[in-house]
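K.L.:
Number of protein chains: 2
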Amino acid sequence: MSDNNLQFMHPYFMGAYAENDHIFENLLLEFVRDHAYWRRNFHPENRPPIPRTARFREDFNEFLAAMQQELSNLSSDLKKSVPFFSPRYIGHMAADLLLPGVLAQLMTTLYNPNNVSDDAAPATLGKELEVGEMLARMIGFSVDPHSYPCAWGHLTSGGTVANYEALWNFRAVKFFPIALAEACKQFNFDPVDVGPMEVKLSEYSKWELLNFSIRETTLLMNEVVRQYTEPLADQKDRKFKIQKFTEAIAHETTEHQGMAHFFRKHSELNPPKILVPVTGHYSWQKGAKILGFGKNQIVSIHNDGSMRMRPDHMEEALEECFNNETPVLAVIGILGTTEFGSVDPIHKIVEVRKKWRKKNRFFGIHVDAAWGGYMTSLFRKPDGDFMPHEEISKKFKYFPHEGTWKAFKAVSQTDSVTIDPHKLGYLPFSCGAFVSRDASVLDFICQKAAYVFDVKESKVKKTPKQKLLSLGQYIMEGSKAGSAAAAANVAHKVIPLHCEGFGRVLTHSMLSCEYFFDSINKLSERMKDMVTITIPFPPDTNLICYAINPTRNKSLALMNHFSRKVFAHMKIDRKSPLQTHDFFGSFTSLVNGNLDEEQGTRILTELGIDPTTFVPHVSDRTREGDHIYLIRHTLMNPWLMFEEDGENYIDKYIKFLFEAIRKEYETAIGRPK
Amino acid sequence: MSDNNLQFMHPYFMGAYAENDHIFENLLLEFVRDHAYWRRNFHPENRPPIPRTARFREDFNEFLAAMQQELSNLSSDLKKSVPFFSPRYIGHMAADLLLPGVLAQLMTTLYNPNNVSDDAAPATLGKELEVGEMLARMIGFSVDPHSYPCAWGHLTSGGTVANYEALWNFRAVKFFPIALAEACKQFNFDPVDVGPMEVKLSEYSKWELLNFSIRETTLLMNEVVRQYTEPLADQKDRKFKIQKFTEAIAHETTEHQGMAHFFRKHSELNPPKILVPVTGHYSWQKGAKILGFGKNQIVSIHNDGSMRMRPDHMEEALEECFNNETPVLAVIGILGTTEFGSVDPIHKIVEVRKKWRKKNRFFGIHVDAAWGGYMTSLFRKPDGDFMPHEEISKKFKYFPHEGTWKAFKAVSQTDSVTIDPHKLGYLPFSCGAFVSRDASVLDFICQKAAYVFDVKESKVKKTPKQKLLSLGQYIMEGSKAGSAAAAANVAHKVIPLHCEGFGRVLTHSMLSCEYFFDSINKLSERMKDMVTITIPFPPDTNLICYAINPTRNKSLALMNHFSRKVFAHMKIDRKSPLQTHDFFGSFTSLVNGNLDEEQGTRILTELGIDPTTFVPHVSDRTREGDHIYLIRHTLMNPWLMFEEDGENYIDKYIKFLFEAIRKEYETAIGRPK
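Residue numbers (numbering that gives the first Met the number 0), protein chains in the order written: chain D, 0 to 672; chain Y, 0 to 672.
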């Protein structure tokens with residue numbers, strides 16, 4: 000690949016060598032000054048509280064000196080930072096930042112808007128909701144307010160909080176019909192022709208009520224409220240009666256009852272399960288704990304040999320839940336697992352849901368696309384169409400696997416998605432996002448019970464956009480920086496989230512990944528007398544893991560030990576300056592128990608390891624291991640394919656890896672264990 | 000007060016007129032360049048991927064032009080922002096930002112550290128934990144790792160998340176003894192001489208186990224683990240056995256069981272209550288919902304006439320809970336309520352806890368000091384001592400009320416505290432903090448069950464600091480910006496959190512508040528023929544609310560209407576440019592039901608309103624109101640007392656208010672309703 004292919008990205012970043020530092024500096028200064036003049040021109044008739052002479056005072060200068068010293072200390076401490084910007088950093092999920100994003104963020108910080116509400120952020124709350132729409136469009140959700148469903152999205156401090164929000168939203172909707180039925184019973188009110196069967200509300204069993212879809216729940220709510228309020232039209236105490244009814248409904252929700260009381264009261268119901276692939280990020284378990292569901296309620300779904308969720312196992316798990324009348328809160332699919340970059344078959348989850356819908360069983364689908372979400376921009380055409388597999392395949396040697404393509408396409412049919420602008424969006428931390436396909440869910444999570452009052456007088460019913468002016472009512476967090484919203488907003492405006500905009504950056508990243516894949520395989524061939532290098536799963540996204548085993552070694556323990564030694568060459572190490580390192584990577588493990596036996600055996604056999612040394616509990620530390628150690632690289636840096644003297648950074652890395660392996664091999668041979 | 004009293008703050012901020020813009024600009028440039036050179040010097044032998052000639056290409060310049068245009072659009076949109084920097088803004092909890100903080104934050108953003116773990120933030124994770132210690136010391140928690148308890152703290156995206164963490168931490172500890180007892184039963188293992196009564200574990204009832212203090216729970220855990228593991232010392236399968244035991248304990252915790260299963264299994268137990276003052280921030284209710292406790296489990300504690308929590312009502316509520324064997328997860332005390340700035344009697348909560356401890360009943364105490372936390376710096380001497388009431392009173396006319404002083408002093412005896420650097424810390428959003436008095440709680444919330452393994456071989460037992468290198472394991476959030484930590488760290492180093500450092504800024508703010516208080520009272524006297532202006536509660540912190548009623552009006556509805564009209568003069572209004580406004584305020588309400596009748600009557604009588612027009616449900620809209628509308632001001636801007644032609648900003652505000660009231664009064668008189 001020639002340098003020409005990198006040209007389009009030249010102005011996108013500050014650069015590995017800070018090549019665009021002058022552009023950055025000039026724009027930053029321009030907007031800092033613009034801010035300063037804004038302050039000056041707010042009430043220019045006032046005298047400045049800090050006199051011009053202050054800067055000649057000793058105390059003033061003493062403070063400045065102390066401040067400058069502390070800032071210098073910080074600046075020097077920051078030199079220990081991970082060099083995310085460099086193509087020599089191919090470790091965790093971070094790289095250089097988009098210039099428009101970082102400039103917008105820095106500029107906005109000076110104004111310090113608080114996106115908790117429109118009051119505190121007249122300029123940036125709208126930009127946050129607009130980012131929500133941009134992300135929604137990228138993944139294929141409709142944002143047309145005149146059709147159903149209409150999506151909305153907002154920024155979170157990170158993907159972890161977005162994942163929690165998914166669970167919170169699903170719970171609020173899932174148990175709502177039961178609360179509604181309970182309140183109606185208390186009011187001796189039995190709505191007619193409601194729900195999917197169009198019967199009286201009292202005719203539904205609790206188990207049936209637990210399997211209403213999100214749409215059915217919204218319609219049920221609206222219809223019940225209509226039937227309750229219409230006869231009150233001319234009554235004087237109408238408002239009071241409606242309020243009492245609203246309060247009664249709210250009182251019966253899980254959110255008001257709490258999980259303990261709710262499930263004691265409805266003792267015939269089983270607490271809900273959440274299906275999460277084994278490869279799920281640990282925030283799912285943390286979330287299940289913190290939200291009071293319980294970690295034990297997570298059903299771990301096995302992976303196939305490519306670290307993708309196994310649909311057959313998901314189906315088994317669903318079957319078991321539904322047979323036991325155990326509600327399934329949600330199935331979580333992962334679009335780019337944290338450890339392996341693998342893509343779950345989202346399309347299969349969607350398909351299976353359709354199947355169960357026909358049997359009147361429902362579960363939510365959330366896609367944890369913290370890593371892979373932005374890759375949807377590769378597939379999305381500027382007109383909104385999803386690119387056919389054939390068309391996109393032409394751009395790559397291997398990508399995308401057909402299942403991967405189908406998975407990305409199917410995201411538009413799920414309920415909500417986590418996407419991290421601070422990962423593949425090349426934006427600063429802390430910036431995650433939660434995108435929901437259906438803004439009508441907002442009614443169920445509002446802190447002020449809204450279901451009835453909103454419907455009371457249809458002319459005053461607020462649109463989602465109006466509601467979201469009080470964003471803090473609908474999200475987990477409260478006060479929050481508007482600067483992250485400005486960063487994402489400007490970045491996405493300048494580099495739009497489709498295949499001709501941001502998709503090009505990620506196309507390039509995938510091409511780097513394919514080159515890396517081929518290069519590792521070539522290296523393996525070249526070094527076969529010394530070691531076996533295996534890529535256990537072909538990469539679904541721009542993240543690759545590989546294992547290294549010295550030839551003739553059959554012990555997993557020794558292999559892991561050897562791999563750790565090799566990894567030490569590319570590890571962040573506080574003791575030596577960054578400059579002494581050539582490359583930085585990361586590592587991960589395949590843990591016994593998270594990997595099915597067949598797959599473990601396949602991978603170990605490829606490596607020449609005796610599969611019996613892969614055990615759940617290690618007894619013999621010299622032979623056995625309870626995990627397979629892998630070296631892990633994200634290939635997201637924009638300059639990996641930049642050539643210098645006929646060599647790009649991946650070529651340089653391969654040379655470096657060759658030397659690291661040889662050195663460790665010779666050490667190991669010299670001092671055999 | 001002469002301008003001299005403001006001098007010390009001259010170099011702290013950018014300034015209302017951006018007076019320190021050159022200082023800001025020069026330092027910013029210095030550190031931006033330092034960052035650029037760092038990039039350049041990482042591997043200077045490499046050729047820059049972006050060629051020097053790129054800037055002459057058309058496509059490069061087209062992108063730059065588009066980027067500059069979008070950034071210019073943003074910059075112009077930001078001109079709609081709330082002018083937090085100005086002494087004319089006395090609305091919500093925001094003002095100008097500390098120069099060292101904002102510079103540190105901007106600088107650090109370029110390095111983009113991720114404080115989820117030390118790996119991703121070698122430079123800033125330590126700074127975050129250091130900020131935790133600084134805050135802990137300010138509020139009086141010990142951070143000596145060699146004594147018990149040793150505090151720790153970390154930053155959150157805001158106070159809301161810190162409040163959630165308090166509930167999460169308390170739950171994990173409170174129900175642990177039951178999980179432990181359950182696991183021991185399964186293992187036919189009955190530890191001896193454990194717990195406060197030094198008896199067999201099986202001799203404690205579940206209700207007793209639910210009332211172990213945090214310390215007792217930690218000791219219990221350590222002792223049970225010791226008794227279980229010691230006899231295994233020489234067994235070959237020791238590790239395996241310990242792991243099984245650990246897993247069994249974990250399996251029985253609320254976090255693993257979930258609230259539903261846990262309380263079904265332990266059907267004799269009541270779900271826990273949380274005591275929160277009526278004035279509590281809405282994040283407490285949101286938290287109770289999201290964490291699965293249920294909003295109904297919150298017991299609202301009434302306020303006294305100063306909007307401080309009533310200890311007698313808290314005692315009643317506790318009495319009722321304990322009499323019914325209902326566990327109390329925590330009592331929340333508020334140090335500076337969001338709406339009124341009032342300070343709850345934290346010392347009474349601490350006292351009442353001591354009383355109940357003697358009867359072997361326990362509850363956690365969390366202080367929501369999102370607003371008032373930093374005011375502790377007023378009281379804290381550089382040597383760590385808490386300033387006597389007499390000494391601090393000398394600096395003020397009214398502050399601090401004796402109860403307020405006692406409340407601040409008692410914070411050191413509570414379990415955890417929420418503090419928002421992005422409020423009275425004068426730092427950018429998003430920056431909240433959670434500070435816990437006892438780092439041993441970390442063992443209960445770790446995502447990897449740690450209780451047993453940590454004790455296994457005491458020589459490898461990790462210190463809290465070592466554990467916290469994997470910060471993401473112990474906090475709600477995951478990936479998160481290190482820049483906020485750098486900002487707080489540098490700001491607090493340069494302006495230390497004691498009475499001779501940051502305390503001076505807040506002393507000044509309190510003096511402004513007292514001046515404002517007197518000025519409003521004088522204005523009330525001056526305008527008594529036109530209106531009554533009442534400050535319903537003397538301010539406990541630097542936040543004041545007042546009500547206005549036209550003389551002779553007896554209807555609450557009319558008073559609220561009139562007040563809204565007056566407030567319109569100081570409201571952010573998208574339709575007219577900021578410059579057309581002289582001052583900005585905020586408003587709040589005293590809601591019927593949240594205020595006891597006696598207090599409502601007192602306030603309304605002072606205003607000349609007929610108390611019978613204050614009703615829970617409005618029937619007659621022309622007379623009645625279900626709330627008392629108040630205008631609300633935070634007095635945190637540093638330049639409020641800056642004098643110009645003998646007039647400071649509070650004087651200017653009073654003139655402005657006089658005119659606004661007169662105008663609305665005359666309009667009202669001209670067109671009587």
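All residues carry an ideal CB built from backbone N, CA and C; glycine is no exception.
Can you give me, in chain order, the residues of the stretch 112–143 of chain Y that have a beta carbon less than 7 Å from any beta carbon in chain D?
P.N.:
P112, N113, D118, A119, P121 and A122
K.L.:
Only counting the same chain, and skipping five residues up and downstream in sequence, which positions put a Cβ closer than 6 Å to that of D:H568?
P.N.:
A659
K.L.:
Thinking C-alpha only, which one of D:E164, D:M313, D:V142 and D:H91 is nearest Y:M475?
P.N.:
The shortest CA-to-CA distance from Y:M475 to any of D:E164, D:M313, D:V142 and D:H91 is the one to D:E164.
K.L.:
Using a Cβ-Cβ cutoff of 9 Å, what residues of the stretch 459–471 of chain D are near chain Y? List them in chain order.
P.N.:
Close to chain Y, meaning a Cβ-Cβ distance shorter than 9 Å, are the following residues of the stretch 459–471 of chain D: G471.
K.L.:
Less than 8 Å between the C-beta atoms of D:P381 and D:E499, yes or no?
P.N.:
yes
K.L.:
Please classify Y:T533: does DSSP put it in a helix, a strand, or coil?
P.N.:
strand
K.L.:
Name the residues in the stretch 291–325 of chain Y whose C-beta lies less than 7 Å from a C-beta of chain D; which are they?
P.N.:
G291, F292, G293, K294, N295 and Q296
K.L.:
Within this structure, are the beta carbons of Y:A409 and Y:I333 separated by less than 8 Å?
P.N.:
Going by C-beta atoms, Y:A409 is not nearer than 8 Å to Y:I333.
K.L.:
Is there a C-beta anywhere in chain D that falls below 8 Å from the one on Y:P148?
P.N.:
So, not an interface residue.
K.L.:
Distance, Cα to Cα, Y:R661 vs Y:K521?
P.N.:
16 Å
K.L.:
CA-CA distance, Y:P399 and Y:D311?
P.N.:
C-alpha separation (whole angstroms): 22 Å.
K.L.:
Residues of chain Y with a CB under 7 Å from the CB of D:Y110: which are they?
P.N.:
L77 and S80
K.L.:
For D:T611, does the count of other Cβ atoms within 10 angstroms reach 16, so buried, or fall short, so exposed?
P.N.:
exposed
K.L.:
Within 8 Å of any Cβ in chain D, is that where the Cβ of Y:Q578 sits?
P.N.:
yes
K.L.:
Can you tell me whether D:N210 is buried or exposed? The criterion is at least 16 other CB atoms within 10 Å of its CB, across all chains shown.
P.N.:
buried
K.L.:
Just the Cα atoms here: how many angstroms apart are Y:Y139 and Y:T413?
P.N.:
According to the sequence displayed, residue 139 of chain Y carries Gly and not Tyr. Each residue's alpha carbon lies about 10 Å from the other.
K.L.:
Rank Y:Y147, Y:G304 and Y:N541 by C-alpha distance to the C-alpha of Y:T600 and give the top, closest one.
P.N.:
Y:G304
K.L.:
Can you tell which of Y:Q242, Y:G340, Y:S469 and Y:F55 has the C-alpha that lies nearest to the C-alpha of Y:E541?
P.N.:
Here the sequence assigns Asn to residue 541 of chain Y, which means Glu is not the residue at that position. If you compare the alpha carbons of Y:Q242, Y:G340, Y:S469 and Y:F55 with that of Y:N541, the shortest gap goes to Y:G340.
K.L.:
Judging by CA-CA distance, which residue of Y:K422, Y:R136 and Y:I348 is the nearest neighbour of Y:G371?
P.N.:
Y:K422
K.L.:
Starting from Y:R54 and walking both ways along the beta strand (DSSP E), at which residues does that stretch end?
P.N.:
Note, Y:R54: premise wrong, no beta strand (DSSP E); not H, not E.
K.L.:
Compare the C-alpha of D:E254 against each of D:N269, D:A178, D:E207 and D:H280 and name the closest.
P.N.:
D:A178
K.L.:
Might you give, ordered along the chain, the residues of its own chain that have their beta carbon closer than 7 Å to the beta carbon of Y:A506, omitting 5 neighbours on each side?
P.N.:
The question names Ala, but residue 506 of chain Y in the sequence shown is Thr. Taking C-beta separations shorter than 7 Å and ignoring five residues to either side along the sequence, the partners of Y:T506 in its chain run L377 and K394, following chain order.
K.L.:
Just curious, the alpha helix (DSSP H) that D:H365 is in, first and last residue?
P.N.:
Segment G363 to A368 is the beta strand (DSSP E) holding D:H365; no alpha helix (DSSP H) there.
K.L.:
What is the rounded straight-line gap between the Cα of D:A17 and the Cα of Y:A35?
P.N.:
The alpha-carbon atoms of D:A17 and Y:A35 are separated by roughly 5 Å.
K.L.:
Less than 8 Å separating the beta-carbons of Y:S212 and Y:F321?
P.N.:
no
K.L.:
Is it a yes or a no for the stretch 502–519 of chain D touching the stretch 188–207 of chain Y, going by three-plus beta-carbon pairs under 8 Å?
P.N.:
The answer is no - the stretch 188–207 of chain Y does not touch the stretch 502–519 of chain D, with fewer than three Cβ pairs under 8 Å.
K.L.:
Residues in the stretch 149–164 of chain D with C-beta within 7 Å of chain Y's C-beta atoms, listed in sequence order?
P.N.:
If the cut-off is 7 Å between Cβ atoms, the stretch 149–164 of chain D has S156, G157, G158, T159 and V160 near chain Y.
K.L.:
Check the Cβ of D:P270 against every Cβ in chain Y and list those closer than 8 Å, keeping chain order.
P.N.:
G257, A259 and H260
K.L.:
Cutting at 6 Å between CB atoms, please list the residues of its own chain near Y:I653, excluding the five before and the five after it.
P.N.:
S518 and L522
K.L.:
Any C-beta of chain Y within less than 7 Å: which residues of the stretch 263–289 of chain D qualify?
P.N.:
The stretch 263–289 of chain D vs chain Y, Cβ under 7 Å: R263, P270, Y281, S282, Q284, K285, K288 and I289.
K.L.:
How many Å lie between D:Q578 and D:E57 at the Cα?
P.N.:
40 Å
K.L.:
Thinking just about the alpha-carbon of each residue, which of Y:T375, Y:D419 and Y:D625 is nearest to the one in Y:R503?
P.N.:
Y:T375
K.L.:
Mind checking Y:P10: buried by the 16 CB within 10 Å criterion, or exposed?
P.N.:
buried
K.L.:
Measure from the alpha carbon of D:P82 to the alpha carbon of each residue in Y:S74, Y:N111 and Y:L470, then state which is nearest.
P.N.:
Y:N111
K.L.:
Alpha carbon to alpha carbon, how far is D:E401 from Y:G14? Give it in angstroms, no decimals.
P.N.:
Taking the straight line joining both Cα atoms gives about 58 Å.
K.L.:
What does the alpha-carbon distance come out to for the pair D:F583 and D:F41?
P.N.:
Distance between the alpha carbons of D:F583 and D:F41: 49 Å.
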